[in-house]
Amino acid sequence: MIGMPSYHAIAAMVVTIAMFVAFARGRMSIEIISLLTIAVIAVGLYFFPLEGQSPTDGLAIAFGGFGHYALITICALMILGRGLIVTGALDPAARLLERVFKFNLQLGLLISLALAFFLSMFVNNTPVLVLLIPIFVTLAARGAMPASKTLMPLNAASLIGGLATTIGTSTNILVVSIAVDLGMPMMSVFHFTPIVLAAAIVALPYLWLVMPKMLDDNRVELTHEQRRFFTRLRVTENSLLNGRELAQIAPRLPSGIEFHDVKPGLFRPGQRIKVSGTHDAIEEAIAVMRGEAAPGWVLERIQRKHGETGEDIQVVEMTVTADSRLNSRTLPTSGIADLYGVAVVGIHRPDTLIGQKDEFSDVGDIRIREGDVLLVMGLQQDLEAFASGDSLLQLEGRRELPRRSKAWLAAAIMAGSVALASFGLVPIAIAALAGAILMFVTGCVKFDRVGRALSAQVIVLVAASISIGRIIDESGAAMWLGEGLSVGLQYLSPALVLAAIMVFVTVLTNFASNATAATVGTPIAFAIAAQLGLPPEPLVLAVLFGCNLSYATPIAYQTNMLIMAEGSYDFGDYVKTGVPLVAIMVTALSVGLVLTYGL
1 MIGMPSYHAI AAMVVTIAMF VAFARGRMSI EIISLLTIAV IAVGLYFFPL EGQSPTDGLA
61 IAFGGFGHYA LITICALMIL GRGLIVTGAL DPAARLLERV FKFNLQLGLL ISLALAFFLS
121 MFVNNTPVLV LLIPIFVTLA ARGAMPASKT LMPLNAASLI GGLATTIGTS TNILVVSIAV
181 DLGMPMMSVF HFTPIVLAAA IVALPYLWLV MPKMLDDNRV ELTHEQRRFF TRLRVTENSL
241 LNGRELAQIA PRLPSGIEFH DVKPGLFRPG QRIKVSGTHD AIEEAIAVMR GEAAPGWVLE
301 RIQRKHGETG EDIQVVEMTV TADSRLNSRT LPTSGIADLY GVAVVGIHRP DTLIGQKDEF
361 SDVGDIRIRE GDVLLVMGLQ QDLEAFASGD SLLQLEGRRE LPRRSKAWLA AAIMAGSVAL
421 ASFGLVPIAI AALAGAILMF VTGCVKFDRV GRALSAQVIV LVAASISIGR IIDESGAAMW
481 LGEGLSVGLQ YLSPALVLAA IMVFVTVLTN FASNATAATV GTPIAFAIAA QLGLPPEPLV
541 LAVLFGCNLS YATPIAYQTN MLIMAEGSYD FGDYVKTGVP LVAIMVTALS VGLVLTYGL
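Residue numbers (full-length UniProt numbering): 1 to 599.
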């Protein structure tokens, strides 16, 4: 018989369940629920402190998450990922995967899942996800599968990969270390890999074919993405177009780009090619083909000023108003580049068909009229002067061009941070912080733009989950649940014992923390093995596996929170996709343990 839990343990379980129910109902935002949870813990422990603690110790438990290394690590990793995006460092990798996705979406996703799985077997899955997230966000912007349909399966694949070796996650190392201290022989790196590989094969169809269909397309459709701009692309000496035919470069172009009136034969320097596409597609086409969509001298002037001031080059959509002096003028006669130092790289005319040659026979000769939308490149101050001076209305299509001159630097910083963490030279928190600092110092990420990299929702959610984990542990709730489990298992078969231990640790890890689940579950597994006369190793592996089945809530593991903002996920997305995956993995891993150890 086990005794009644303390009132602190009861309160901790009630608060945890209430938080889960509030998340699942979705009537309040995640930020509000998280802050209310922290407030309840703080007030409760101040007036009813834990045994042997003062009221201020309770405040440390409630608010300690905001200074916890896990939260600092997640924020630093977000900044590293932002650095890769704003410098375009991952564009080559994104283009390579984009070709695969263009060939076949399902094949592209399958290859991506396999890549995430195998990398996570040897490299901590957190830096693996940090590398993959920006790539798939970029792919989604280029018309591949939405990030909301790819990031959740990728995260799950990386978690399963980390489960496959003793060095795959820090939790695996912790469980093995505790087991060795309790008298079990040391496990080799691939000791239980065959069991996990078999379970992964069982889970793969769900990750690949089912999970993406369960997730909504969370892309935000913006009207400016639907506008098609016409431009004249100039072939330069170092352009990808130089010396090639259209058919040779077509596979490398983004979706939505169209060429018009292209004559047969090879492209030559100085040739101007009429192109149309969306804002995103034109930017990508210019980057891929290394062509010029405006006179070279004005582009060089913009680049020179960018180098002198350090300001970002922006591309803005502007509408021509009735009062604009540009009405009835052409681009060459407008003097825009001379007057303002900006470049018009495309023109959109509402309700004009592509085939109306009288309207768009030559982009440079078009007479601008009221309602036309100009795609303008330049520095912010110059763009504002142009909009004000020529009576133009700036639209929502503003975006910064990648700082490609720093792409190699951002990639090197990320590679260094990943290497330091992966080989255990320094803790991942230190590696990520050092990388984030270098991103700031080198200008890859600017201090005034750091807010775009961080998610307030993720920050308060991480802080709340850390507080919940500590109160579940320090109140004795986790230990009481474990003792109750050990009493009930004596009546079950060995196979069901393994499954029950795995389910218990899985629940614990999804609501408390991996470390709590490991430190509580491993000694319990040894005690149950002695009580039931079973070998301890399969029960310890059930604990290790359960600690890694953290798919069902966003607070279960830090990578779950990393993908939350980028995939625009809510709490329900984790539950509806994670619970079936937990059931599949628990079943497959339990069967694998039974067959391997002959139970």
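Even glycine gets a Cβ: it sits at the ideal position worked out from N, Cα and C.
Inter-residue spacing [alpha-carbon to alpha-carbon] between residue i and residue j
| i | j | result |
| --- | --- | --- |
| proline 535 | alanine 529 | 6 Å |
| residue 658 | leucine 139 | The structure shown does not extend to residue 658, since the chain spans only 1 to 599, so no value can be given for it. |
| proline 153 | alanine 565 | 15 Å |
| alanine 322 | glycine 389 | 14 Å |
| aspartate 573 | leucine 215 | 7 Å |
| arginine 82 | glycine 67 | 22 Å |
| phenylalanine 118 | alanine 463 | 31 Å |
| valine 487 | valine 497 | 11 Å |
| alanine 116 | glycine 161 | 7 Å |
| histidine 279 | proline 332 | 22 Å |
| leucine 461 | alanine 429 | 18 Å |
| serine 590 | isoleucine 501 | 10 Å |
| threonine 577 | phenylalanine 23 | 15 Å |
| proline 55 | histidine 8 | 14 Å |
| asparagine 514 | valine 543 | 10 Å |
| arginine 252 | methionine 145 | 18 Å |
| serine 568 | alanine 431 | 27 Å |
| phenylalanine 470 | leucine 159 | Checking the sequence shown, residue 470 turns out to be arginine, not phenylalanine. Looking at the two C-alpha atoms, the distance is approximately 23 Å. |
| proline 350 | valine 262 | 24 Å |
| glycine 168 | serine 120 | 6 Å |
| serine 188 | phenylalanine 136 | 34 Å |
| phenylalanine 47 | serine 177 | 38 Å |
| asparagine 218 | serine 148 | 6 Å |
For residue i, the three-state DSSP class (helix, strand or coil)
| i | result |
| --- | --- |
| isoleucine 178 | helix |
| lysine 406 | helix |
| histidine 8 | helix |
| arginine 268 | coil |
| glutamate 225 | Reliability of the predicted coordinates at glutamate 225 is poor, the pLDDT of 47 falling under 50, and the value obtained from them is presented with this limitation in mind. It is helical. |
| residue 640 | Nothing in the structure corresponds to residue 640, since the chain is present only between 1 and 599. |
| arginine 82 | helix |
| methionine 186 | coil |
| residue 626 | The displayed coordinates of the chain run from 1 to 599. Any statement about residue 626 would go beyond what the structure contains. |
| glutamate 317 | strand |
| methionine 289 | helix |
| methionine 145 | coil |
| alanine 343 | strand |
| histidine 232 | The sequence shown places arginine at residue 232, not histidine. Note: arginine 232 maps to strand in three-state DSSP. |
| isoleucine 555 | coil |
| asparagine 104 | coil |
| leucine 326 | coil |
| valine 582 | helix |
| phenylalanine 192 | coil |
| glutamate 311 | coil |
| histidine 348 | strand |
C-beta atoms of residue i and residue j nearer than 8 Å
| i | j | result |
| --- | --- | --- |
| isoleucine 472 | threonine 37 | no |
| leucine 581 | alanine 198 | no |
| valine 130 | leucine 96 | no |
| aspartate 372 | histidine 348 | yes |
| alanine 593 | isoleucine 195 | The residue you asked about is not alanine; residue 593 is leucine in the sequence shown. Contact flag set, yes. |
| arginine 367 | arginine 329 | yes |
| leucine 549 | valine 575 | no |
| serine 465 | leucine 50 | no |
| leucine 182 | proline 523 | yes |
| isoleucine 74 | glutamine 558 | yes |
| alanine 499 | threonine 87 | no |
| threonine 506 | glycine 546 | yes |
| leucine 392 | methionine 439 | no |
| leucine 80 | alanine 436 | yes |
Within-8 Å CB hit, residue i to chain D
| i | result |
| --- | --- |
| serine 493 | Note that chain D does not occur in the displayed structure, where there is just one protein chain. |
Cβ distance (whole Å) where residue i is taken to contact residue j below 8 Å
| i | j | result |
| --- | --- | --- |
| isoleucine 413 | isoleucine 133 | Their Cβ separation, rounded to whole angstroms, is 16 Å, which puts isoleucine 413 and isoleucine 133 out of contact at 8 Å. |
| isoleucine 249 | alanine 281 | That pair is no contact at about 14 Å. |
| alanine 556 | glutamate 31 | That belief does not hold up - the Cβ atoms of alanine 556 and glutamate 31 are roughly 18 Å apart, past 8 Å. |
| residue 601 | leucine 110 | Nothing can be reported for residue 601: it is not among the residues displayed for the chain, which extend from 1 to 599. |
| residue 619 | leucine 45 | Since the first residue shown for the chain is 1 and the last is 599, residue 619 is missing from the structure and cannot be characterised. |
| valine 503 | valine 175 | Not quite, the Cβ-Cβ distance comes to about 16 Å (not below 8 Å), so this is no contact. |
| proline 5 | alanine 517 | Not quite, the Cβ-Cβ distance comes to about 18 Å (not below 8 Å), so this is no contact. |
| phenylalanine 190 | threonine 165 | 6 Å |
| residue 650 | glutamate 284 | Nothing in the structure corresponds to residue 650, since the chain is present only between 1 and 599. |
The ligand MG heavy atom lying under 7 Å from the CB of residue i
| i | result |
| --- | --- |
| glutamate 483 | Judged by which ligands are present, the structure shown has none, so any question about the ligand MG falls away. |
Checklist entry - Counting Cβ pairs, one atom from each stretch, are 3 or more of them under 8 Å apart for the region 265 to 277 and the region 295 to 308? => result no
Next on the checklist: For the region 282 to 291 against the region 230 to 248, do three or more pairs of beta-carbon atoms, one drawn from each stretch, fall closer than 8 Å, so that the two count as touching?
Outcome noted: yes
Next on the checklist: Tell me whether the region 301 to 313 and the region 373 to 392 touch, counting them as touching only if at least three CB pairs, one residue from each stretch, are closer than 8 Å.
Outcome noted: yes
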